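Read through the structure below, which is laid out as structure tokens, and then see the notes.
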Amino acid sequence: MGIAIVTSVIIAALFAPYIAPTDPKEMDPMNALQGPNREHLFGTDQFGRDVLSRVIFGSRISLRIGLVVVFITAILGGCIGILSGYFRALDNAIMRIVDALMALPAIVLALAIVSILGPSEFCAIIALSVVYTPRTARLVRGSVLVLREKTFVEASKAIGSKSWRILAKDIFPNCLAPLIVQATFVFGYAVMSEAALSFLGAGPPPPAPSWGNIMSEGRHLLRSCPWIILFPGLAIAFTVLGINLLGDGIRDVTDPRMLR
Amino acid sequence: MLEYVVRRFASFVIVLLILALFAFSLVHMIPGDAALVMLGEEATPTTIEALRQDLGLDQPLYVQFYRWVQGILLRGDFGTSVYVPRSVAQDIAQRLPVSFSLAAFTVMISAFVGVPAGIVAAIKHGSWVDRLTIAATTIAVSMPEFWLGLMFVVLFAVQLRWFPSGGYVPLSESIGGFLRSLFLPSLALGLKWAALVARMSRSSMLDVMHEDYVNTARAKGLPEKVVLLKHVLRNAIVPIITVLGLIFGVALGGAIVIETIFTLPGVGRLLINSIARRDFPIIQGAILIYGLLFCLVNFGIDILYVYLDPRIKYG
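Residue numbers (my numbering), protein chains in the order written: chain H, 1046 to 1305; chain F, 47 to 361.
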């Protein structure tokens, strides 16, 4: 079921220009602040923009950011984790830095980074990657630590394989499964964090229709026009739900221990 | 065990140091001149130069760092805010109780809602209660907490008018007001984490329930209730407590958004405003405090963990 949801969101994102009934940036002040009606399924915001279109286009931004962050995190975190787990000498130093980075709550760290670099989509990606790479690295390192004690690695060493060969052939393929599971969850976190960042004004600047942006713009009208906030939030929840279900599904498949 | 504590403490200090370095270097990582960025583009060269001297930016880096740390450790002085002539330390200290209370209530809600839910789900493993709990938690975890907060405001504050939609009432003014003003925010934040706690409690309980010694206890003829309370719960509780501690730390961070929505004068809001205004002394101080608190909490959990489960002795 998770796959179904995520696929639909992805399709929506990719085909956004065709599905969205109106140009999300097009303003129609005469129709401003309408509740959901037949012409505008999700209503309009204070500039008369169709909320439905904005939400659909927003999916592009959020997914784009999420995917890039996951990509960076998986690769970077994976490498760091593997190196750290295998080579004891590097481990201590790397782990201290990782600990330090994890010492700050995710949003705080992300905000700090964005405060240096300025609010933009690119900086949000960098900030979120910095936030989630340590966690991934930790996880991968854990796997590696367990793996390197296993007999088949010892066997490899006994026949004289060089380190990098062991890494590539034995350790890496076995780390993949937890890494992929973690990657899907990072995707979910990234989407949510990006929304939070945008909401706080630290993400892609308006008029970009990031879900968080839509919500922050609609905040002042909360009492009278709750739909501006309701729908993007639902979109986020829906997407993240799909991602989480997907992650759960992958985990169930790859981890036969989980009989619950 | 003492050795473990000492080792943990050493790590704690090292991490703090790296954090301090990071927080400090924020000012210097800005592309461009820090003082110029802080004052904006219309500032005159004299003002910029004055600010640079004031912040000590004209000194070599390590001198600056040393002075900053020295100021903090010796005098508790985090510097002065660039915008308002108030001490950063004072600003933060004023707002800390708010964020703290919010985090505390969040943890409480997570605990009181999540733990029983998780335990019940584990006991009735496989039944509809169990499945419902899993479904509910999965959904709850996927919801962005600030959206939940906003929805709560719409529902409870606007429509039903049961709770205020924002603002904070200090404990000293009125207990009722205090509780009321913090209820919705903690609920918004707490429900989501409660789902996590419930999940964790459930798996922890399930793990323990299948252990051999539980079977032995049952075989001995002990009534189910005693088995549950004395053996299962006691062992399952350890990871649960760990998670709760972690949630406190995370709640401090996640509270940032909630504080903004409910206009609570906490450290989170201070941080956001400072970031918008590029008020770096405050940003640095706040980050350091957050990091410190988080590390402290983790450190406390580590110690607690060893205390509760003497088998853990990793270094």
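Beta carbons are placed, not taken as given, at the ideal position from N, Cα and C, and that holds for glycine.
Every value quoted in this text rests on a predicted model; they were computed, and no experiment measured them.
With DSSP collapsed to three states, give me the class of residue i.
{"i": "residue 189 of chain F", "result": "coil"}
{"i": "residue 60 of chain F", "result": "helix"}
{"i": "residue 1249 of chain H", "result": "coil"}
{"i": "residue 173 of chain F", "result": "coil"}
{"i": "residue 160 of chain F", "result": "helix"}
{"i": "residue 308 of chain F", "result": "coil"}
{"i": "residue 1202 of chain H", "result": "helix"}
{"i": "residue 44 of chain F", "result": "Only positions 47 to 361 of chain F appear in the structure, and residue 44 of chain F is not among them; the question remains open."}
{"i": "residue 1230 of chain H", "result": "helix"}
{"i": "residue 238 of chain F", "result": "helix"}
{"i": "residue 90 of chain F", "result": "coil"}
{"i": "residue 257 of chain F", "result": "coil"}
{"i": "residue 300 of chain F", "result": "helix"}
{"i": "residue 48 of chain F", "result": "helix"}
Sort the options by Cα distance to residue i and report the nearest one.
{"i": "residue 1157 of chain H", "options": "F:345, F:342, F:338 and F:330", "result": "F:330"}
{"i": "residue 165 of chain F", "options": "F:233, F:279 and F:200", "result": "F:279"}
{"i": "residue 297 of chain F", "options": "F:67, F:147, F:56 and F:139", "result": "F:147"}
{"i": "residue 1173 of chain H", "options": "H:1161, H:1151, H:1120 and H:1185", "result": "H:1151"}
{"i": "residue 1237 of chain H", "options": "H:1177, H:1282 and H:1184", "result": "H:1282"}
{"i": "residue 335 of chain F", "options": "F:270, F:92, F:306 and F:143", "result": "F:143"}
{"i": "residue 136 of chain F", "options": "F:341, F:312, F:59 and F:338", "result": "F:312"}
{"i": "residue 1231 of chain H", "options": "H:1105, H:1104, H:1113 and H:1186", "result": "H:1113"}
{"i": "residue 158 of chain F", "options": "F:202, F:232, F:261 and F:57", "result": "F:232"}
{"i": "residue 150 of chain F", "options": "F:283, F:292, F:348 and F:351", "result": "F:292"}
{"i": "residue 307 of chain F", "options": "H:1144, H:1296 and H:1260", "result": "H:1260"}
{"i": "residue 1247 of chain H", "options": "H:1149, H:1155, H:1127 and H:1144", "result": "H:1155"}
{"i": "residue 1110 of chain H", "options": "H:1292, H:1167, H:1163 and H:1291", "result": "H:1167"}
{"i": "residue 188 of chain F", "options": "H:1243, H:1201 and H:1235", "result": "H:1235"}
Please confirm whether residue i has its beta-carbon closer than 8 angstroms to some beta-carbon of chain H.
{"i": "residue 143 of chain F", "result": "no"}
{"i": "residue 251 of chain F", "result": "no"}
{"i": "residue 61 of chain F", "result": "yes"}
{"i": "residue 187 of chain F", "result": "yes"}
{"i": "residue 51 of chain F", "result": "no"}
{"i": "residue 190 of chain F", "result": "yes"}
{"i": "residue 230 of chain F", "result": "no"}
{"i": "residue 193 of chain F", "result": "yes"}
{"i": "residue 55 of chain F", "result": "no"}
{"i": "residue 68 of chain F", "result": "yes"}
{"i": "residue 340 of chain F", "result": "yes"}
{"i": "residue 196 of chain F", "result": "yes"}
{"i": "residue 184 of chain F", "result": "yes"}
Assuming residue i and residue j make a contact with CB atoms under 8 angstroms, what is their CB distance in whole Å?
{"i": "residue 1153 of chain H", "j": "residue 160 of chain F", "result": "Residue 1153 of chain H to residue 160 of chain F, Cβ: 24 angstroms. No contact."}
{"i": "residue 1130 of chain H", "j": "residue 1180 of chain H", "result": "Residue 1130 of chain H to residue 1180 of chain H, Cβ: 15 angstroms. No contact."}
{"i": "residue 250 of chain F", "j": "residue 285 of chain F", "result": "5 angstroms"}
{"i": "residue 318 of chain F", "j": "residue 302 of chain F", "result": "6 angstroms"}
What are the start and end residues of the alpha helix (DSSP H) that includes residue i?
{"i": "residue 1153 of chain H", "result": "1151-1162"}
{"i": "residue 1167 of chain H", "result": "1166-1192"}
{"i": "residue 200 of chain F", "result": "Neither: residue 200 of chain F is in no alpha helix (DSSP H) and is coded neither H nor E."}
{"i": "residue 1143 of chain H", "result": "1133-1148"}
{"i": "residue 1026 of chain H", "result": "Residue 1026 of chain H is absent from the structure shown; chain H starts at 1046 and stops at 1305."}
Would you say residue i faces chain F, with C-beta separation under 8 angstroms as the test?
{"i": "residue 1150 of chain H", "result": "yes"}
{"i": "residue 1171 of chain H", "result": "no"}
{"i": "residue 1295 of chain H", "result": "no"}
{"i": "residue 1153 of chain H", "result": "yes"}
{"i": "residue 1116 of chain H", "result": "no"}
{"i": "residue 1285 of chain H", "result": "yes"}
{"i": "residue 1259 of chain H", "result": "no"}
{"i": "residue 1099 of chain H", "result": "no"}
{"i": "residue 1075 of chain H", "result": "With a pLDDT of 48 at residue 1075 of chain H, under the threshold of 50, the modelled position of this residue cannot be trusted; read the value that follows with caution. Cβ-Cβ to chain F under 8 angstroms: no for residue 1075 of chain H."}
* Short-range partners of chain A found in the segment 1187-1201 of chain H, where Cβ spacing is below 7 angstroms -> The chain inventory of the structure shown lacks chain A, comprising the protein chains H and F.
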